[in-house]
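With our numbering as the guide, the letters of the sequence shown map in order to residues 1 to 307. The beta carbon of each residue, even a glycine, is placed where N, CA and C say it ideally should be. Because the structure is a prediction, the values reported are computed rather than measured.
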Amino acid sequence: MGIEEENQAQQEDTTEPITFKTFLEEYPTGTLQNVSEFCEWKNEYSQSVLRRCKPTLRLYCKQCDGTRNFEGEWEYGGSAADVRDDFLIYTCRDCGKYTKHFCLFSVALPDQKNGKVLKIGEYPSLHIKLPTNLSKLLGDNYSNFINGLRCERQGLGIGAYSYYRRVVENQKNHLLEEILKVSKKLSAKKEMIQTIEKAILETQFSKAINMVKESLPESLLVGGHNPFKLLHKPLSIGIHDKTDEKCLEMAHNIRMVLIDLAERIKLALSEQRELKSAVSSLLQFKTENKKDKEDKNGTEDAVQVSP
Ligand SMILES: [Zn+2]
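See the structure below:
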């Protein structure tokens, strides 16, 4: 990667606040983050009080064995008037038994809407659902991915980033081959297929990513964006001068894109299989129908010719 490219990547690197809900649901322990929808004015006993929010979360419930809505309560009432560490305790709305505890250090920002929050701890730890085809997609590098996940859960940003980066760099060709397979099955444009094939042959990682970042089938877009375009920025930034928090944020983003991409590949292939079986069943129906008609006509003919 050239110096110019790295400088450009650094200039573009601005941290947008994420919602408090996303922060609680998805971000690992040790993350310090600017969050939106953090506090709101409430009317209590004819007085206006600024309270920390407690958004409804979608979390994994072990009791119900699935993702459920959880409602939260601040242990000390959630006043946003001061800087403090506090527990935010969530309970599953379905079973009313399973709980999840967050320990947070937080402060409301002067706009009285956003906040700065540090996730000190959470119990049980972050539940990350991995797609069943992820190990196949990542091949020999699946163990590196799991090590990255371990680091991420413990808030070790540089470690998590390094593992995930290695996964993507080592698996570049395999990821592109899977994408090529999907593109061919989806009858993608010839130019698109040729670009992916060229990117597989390209030995320089950032060049290969650059080649495919504009051309991928729509069903593989992550949140409407090309996953390689999303990966390009965090993967092209040198981490030597980045803080552990910044690396953790980038690691989180790389992991989210990889998981989503695996899910999309799985979905695209299964939809294609379903579509294929629907088409063949329709064709079979058509043939049987035609055959029935012919048989019927044949019988009628036979009836007509018979004395
Ligand atoms: Zn439950």
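CB of residue i to nearest heavy atom of ligand 1: below 6 Å?
i: C247; result: no
i: Q47; result: no
i: R94; result: Arg is not the amino acid found at residue 94; the sequence shown has Asp there. For ligand 1, at least one heavy atom lies less than 6 Å from the Cβ of D94.
i: R58; result: no
i: Y142; result: no
i: R68; result: yes
i: Y163; result: no
i: C64; result: yes
i: Y98; result: yes
i: C61; result: yes
Taking the C-alpha atoms as reference points, what is the distance between residue i and residue j?
i: E197; j: H174; result: 12 Å
i: E294; j: E274; result: 30 Å
i: D82; j: L269; result: 52 Å
i: F285; j: E271; result: 21 Å
i: R51; j: Y98; result: 25 Å
i: P227; j: V257; result: 6 Å
i: G115; j: S280; result: 56 Å
i: C92; j: V212; result: 43 Å
i: G2; j: P124; result: With a pLDDT of 45 at G2, under the threshold of 50, the predicted position of this residue should be treated as unreliable, and no value is reported.
i: G148; j: A262; result: 17 Å
i: L221; j: L176; result: 14 Å
i: Q33; j: A251; result: 14 Å
i: I128; j: V49; result: 36 Å
i: I146; j: V167; result: 10 Å
i: R255; j: K184; result: 26 Å
i: N210; j: K233; result: 10 Å
i: E6; j: I239; result: Here the model assigns E6 a pLDDT of 41, short of 50, so the residue's position is not dependable, and the following value carries that caveat. Rounded to whole angstroms, E6 to I239 spans 11 Å at the Cα level.
i: T132; j: P110; result: 44 Å
i: P28; j: I237; result: 21 Å
i: C151; j: L235; result: 18 Å
i: F20; j: K172; result: 33 Å
i: L283; j: A160; result: 50 Å
i: K54; j: S277; result: 46 Å
i: R153; j: Q63; result: 22 Å
i: I120; j: Q47; result: 31 Å
i: Y45; j: F23; result: 31 Å
i: N144; j: K242; result: 21 Å
i: G72; j: E16; result: 25 Å
i: H225; j: L138; result: 21 Å
Which residues does DSSP pair with residue i in a beta bridge?
i: L57; result: F70
i: T31; result: DSSP lists no partner for T31.
i: D86; result: L104
i: I18; result: V35
i: N348; result: Outside the displayed span of the chain (1 to 307) sits residue 348, for which this structure offers no information.
i: E122; result: F102
i: S79; result: R51
i: T91; result: E71 and T99
i: V117; result: Q33 and S106
Quick one, which of the options has its alpha-carbon nearest residue i's?
i: N141; options: A199, S162 and C92; result: S162
i: D86; options: N144, H101, E177 and N226; result: H101
i: C95; options: Y60, L137 and S125; result: Y60
i: I259; options: L104, K136, R84 and K242; result: K136
i: S36; options: L118, E152, I18 and I193; result: I18
i: A80; options: E249, V117 and C64; result: V117
i: I179; options: T195, E169 and V167; result: T195
i: E214; options: M192, K276 and L235; result: M192
i: F105; options: T31, C64 and T132; result: T31
i: R68; options: N43, N144 and E25; result: E25
i: K266; options: K42, Y90, W41 and K181; result: K181
i: K229; options: A208, L248 and K190; result: A208
i: N170; options: K189, F205, K54 and L186; result: F205
i: T56; options: Q63, D65, Y45 and W74; result: W74
i: A108; options: H225, W41, Q154 and L134; result: W41
i: S187; options: E218, I200 and C64; result: E218
i: Q112; options: S46, F38, S277 and K242; result: F38
i: K189; options: R165, I200 and L216; result: L216
i: L156; options: D241, L134 and K246; result: K246
i: L134; options: K291, R264, D292 and A278; result: R264
i: D244; options: I158, E71 and S143; result: I158
i: L231; options: L248, N253 and I200; result: N253
Uninterrupted alpha helix (DSSP H) stretches inside the stretch 219-286 (no shorter than 4 residues): 227-236
In the stretch 149-219, which residue ranges form an unbroken beta strand (DSSP E) of at least 3 residues, counting only runs that do not cross its ends? none
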